[in-house]
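Heads up: the sequence shown runs through residues 1320 to 1405, numbered per the working numbering.
First the structure, in the form of structure tokens, and then the observations on it.
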Amino acid sequence: MPVAQAHLKEAIITKLEAEHVEVTDTSNGCGQSFDVVIVSKKFEGKPTLQRHRLVNEALKDEIAVIHAFSQKTYTPEQFAALPKKA
């Protein structure tokens, strides 16, 4: 059963108290492959591996039915310091 992009975004916002979320379905709308960017204060003081484990645990039900899941995790401060897209 595929995961809807909107459902995945809402789950991230709710479960991770995310301030900013970008969800891109990279499976041509099939709901099987996603790239996500997550900005949350919950990531403060945590290295990348701990952040990814936190995301994986929070989204374990959703990830179980997804073929591919790529994540980029940032604190609000890190995200604000990123170069802006043109």
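Idealized CB from N, CA, C, for every residue including glycine.
Treat the numbers as computed from the prediction; the structure is a model and nothing was measured.
Within the same chain, 1357, 1362, 1370 come within 6 Å of residue 1392 by CB-CB distance, once the 5 residues on both sides are set aside.
In this structure residue 1381 touches residue 1330 by the C-beta definition: roughly 6 Å separates them, less than 8 Å. By alpha-carbon distance to residue 1323, the top candidate from 1334, 1400, 1346, 1372 is 1346. Beta-bridge partners assigned by DSSP to residue 1355: 1342, 1390. Non-local C-beta neighbours of residue 1342 in its own chain, meaning closer than 7 Å and more than five positions away in sequence, comprise 1324, 1327, 1328, 1353, 1355, ordered along the chain.
By the neighbour-count definition (other C-beta atoms within 10 Å, threshold 16), residue 1359 is a buried residue.
When beta bridges are read from the DSSP output, residue 1399 appears opposite no residue.
For residue 1377, the enclosing alpha helix (DSSP H) has its first and last residue at 1367 to 1377.
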